[in-house]
Amino acid sequence: ALLGGDESITREEFFDYKYDMRYAPESVVGEIREQILAMTPPEDDPIVQEAFERLRAWDFGVEPDNPNAAVAICSFRKAGRAKMFGHKMPDLLEEITVAAHTLHETYGRLDVPWQEVNRLRRGDVDLGLGGGPDALHAVYSNGLEEDGRLVGNNGDGHVLIVEWSPEGELRSWAIHQFGSATTRPESPHYADQAPLFAARKLRAVWFDEADIRANLEREYRPGEEMAQTTADGSMP
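Counted the way this note's numbering counts, the sequence shown spans residues 1 to 236.
Dropping the structure here:
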């Protein structure tokens, strides 16, 4: 619907499409929402009653500061997976009850900004995220951690966008959720792209020698140097 309804797509619009953070009301998420809202919250549980109010007010967005996304996504997570894999559906009233009380116990409120719950963690880096399961800006997790956060472990990772101009000029932008040194925690590049990823920004991909040299960290000839090391013996 995003691409098909637009006769001409600019670069900026394409980037916006990639990081779209809204669900369609007719999606599986919308279906689960309607199933929950058709239920009646317990009269003696004001926390669950508020969760129903927040779910009813939710605009289907998972932007970083969305105040109602946490209730929605935490309530839907198991049901969404059940629908995806054809498993038995969980008790939806129980799911929203557990989600509401967990959020309230952890944060003292239900209208917690989504990015406080939805996190990117890598080494010492801990950043808030927008996006969510099955959104175009896809972020999945294994469920709430002990500290009440959802930590992304699947979804968007290495994103690469390539553009060809009518004159044949090639340009490209990319990002990785962590960094280029994925197996070396001691490297400055272990998680240096994470802040850009969390902000939904892309870095330029350099093709021309002049651009590469202008952004060069080090230079060596393959075959003459297997791996340049620092003074302590670690790889940069």
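Beta carbons are placed, not taken as given, at the ideal position from N, Cα and C, and that holds for glycine.
As the structure is a computational prediction, the values presented were derived from the model and not from experiment.
**Asked** Under 7 Å between the Cβ atoms of Ala51 and Val71?
**Response** As a position in the sequence shown, residue 51 is number 51, starting the count at 1. As a position in the sequence shown, residue 71 is number 71, starting the count at 1. In this structure, Ala51 places its C-beta atom within 7 Å of the C-beta atom of Val71.
**Message:** Check this for me: beta carbons of Ala220 and Gly123, under 7 Å apart or not?
**Reply:** Within the sequence shown, numbered from 1, the residue matching residue 220 stands at position 220. Within the sequence shown, numbered from 1, the residue matching residue 123 stands at position 123. It should be noted that the sequence gives Tyr, not Ala, for residue 220. For the pair Tyr220 and Gly123, the CB atoms are not nearer than the 7 Å cut-off.
**Message:** For Leu92 and Ala214, what's the separation of their Cα atoms in angstroms?
**Reply:** Counted from its first residue, the sequence shown places residue 92 at position 92. Counted from its first residue, the sequence shown places residue 214 at position 214. About 55 Å.
**Asked** Does the distance from the CB of Asn66 to the CB of Trp114 come in under 7 Å?
**Response** Position 66 of the sequence shown, counted from the first residue, corresponds to residue 66. Position 114 of the sequence shown, counted from the first residue, corresponds to residue 114. Between Asn66 and Trp114, the CB-CB gap stays under 7 Å.
**Message:** Would you call the region 185–200 in contact with the region 165–172, where contact means no fewer than 3 C-beta pairs closer than 8 Å?
**Reply:** Fewer than three Cβ pairs drawn from the region 185–200 and the region 165–172 lie within less than 8 Å of each other, which leaves the two stretches out of contact.
**Message:** Between which residues of its own chain and Ser180 is the CB-CB distance below 7 Å, once the five residues before and five after are set aside?
**Reply:** Here residue 180 refers to the residue found at position 180 of the sequence shown. Within the same chain, Ser180 has close Cβ partners His189.
**Identity of the residues DSSP links to Val159 by a beta bridge** = Within the sequence shown, numbered from 1, the residue matching residue 159 stands at position 159. Answer by DSSP bridge pairing, in chain order: Ile175.
**Prompt:** When the distance is taken between beta carbons, is Gly152 closer than 7 Å to Ala63?
**Reply:** Mapped onto the sequence shown, residue 63 falls at position 63. Mapped onto the sequence shown, residue 152 falls at position 152. Residue identity check: residue 63 is Glu in the sequence provided, not Ala. Taking 7 Å as the Cβ cut-off, Glu63 and Gly152 do not qualify as a contacting pair.
**Rounded straight-line distance, which links the Cα of Leu37 to that of Glu217** = By one-based count along the sequence shown, residue 217 stands at place 217. By one-based count along the sequence shown, residue 37 stands at place 37. Distance between Glu217 and Leu37, taken at the CA atoms: about 55 Å.
**Asked** In the structure shown, what three-state DSSP assignment does Leu127 receive?
**Response** Within the sequence shown, numbered from 1, the residue matching residue 127 stands at position 127. Three-state result, Leu127: strand.
**Prompt:** Between the C-alpha atoms of Leu160 and Leu120, what's the straight-line distance to the nearest angstrom?
**Reply:** Sequence index remark: in the sequence shown, residue 160 carries index 160 (1-based). Sequence index remark: in the sequence shown, residue 120 carries index 120 (1-based). Straight across, the Cα-Cα distance linking Leu160 with Leu120 is about 19 Å.
**Message:** Quick check on the DSSP output: the alpha helix (DSSP H) that includes Arg122 runs from which residue to which?
**Reply:** Translated into the one-based positions of the sequence shown, residue 122 becomes position 122. Counting along the chain, Arg122 falls outside any alpha helix (DSSP H), though it belongs to the beta strand (DSSP E) covering Asn118 to Arg122.
**Asked** Which residue's Cα is closest to the Cα of Ala135: Phe14, Glu12, Ser27 and His87?
**Response** On the sequence shown, residue 135 is found 135 positions in, with the first residue counted as 1. Answer by Cα proximity: Ser27.
**Prompt:** In chain order, which alpha helix (DSSP H) runs of at least 4 residues are fully inside the region 40–122?
**Reply:** Those alpha helix (DSSP H) runs which fall completely within the region 40–122 and span 4+ residues are 46–57, 69–85, 92–107 and 114–117.
**Prompt:** Among Ile212, Asp147, Asp59 and Asn142, which residue has its Cα nearest to the Cα of Met21?
**Reply:** Numbered from its first residue, the sequence shown carries residue 21 at position 21. Per the Cα distances, Asp59.
**Message:** By the three-class DSSP mapping on this structure, what secondary structure does Tyr140 have?
**Reply:** Here residue 140 corresponds to residue number 140 of the sequence shown, with the count starting at 1. Reduced to three states, the DSSP call for Tyr140 is strand.
**Cβ distance (whole Å) where Leu150 is taken to contact Ile175 below 8 Å** = Indexing the sequence shown from 1 puts residue 150 at position 150. Indexing the sequence shown from 1 puts residue 175 at position 175. Actually they do not touch by this definition, with Cβ atoms about 21 Å apart.
**Message:** Beta-carbon within less than 6 Å of Arg200's beta-carbon, same chain only, minus the 5 sequence neighbours each way: which residues are those?
**Reply:** Taking the sequence shown and counting its residues from 1, the one referred to as residue 200 is at position 200. Answer for Arg200: Tyr19, listed in chain order.
**Request:** Quick one: grab the DSSP three-state call for Val205.
**Result:** As a working mapping, residue 205 is identified with position 205 in the sequence shown. Collapsing the DSSP output to three states places Val205 in coil.
**Request:** Leaving aside the five residues before and after Ala198 along the sequence, list all residues of the same chain whose C-beta is less than 8 Å from its C-beta, in chain order.
**Result:** Here residue 198 refers to the residue found at position 198 when the sequence shown is read from its first residue. The answer, listed in chain order, is Leu120, Leu127, Gly128 and Leu129.
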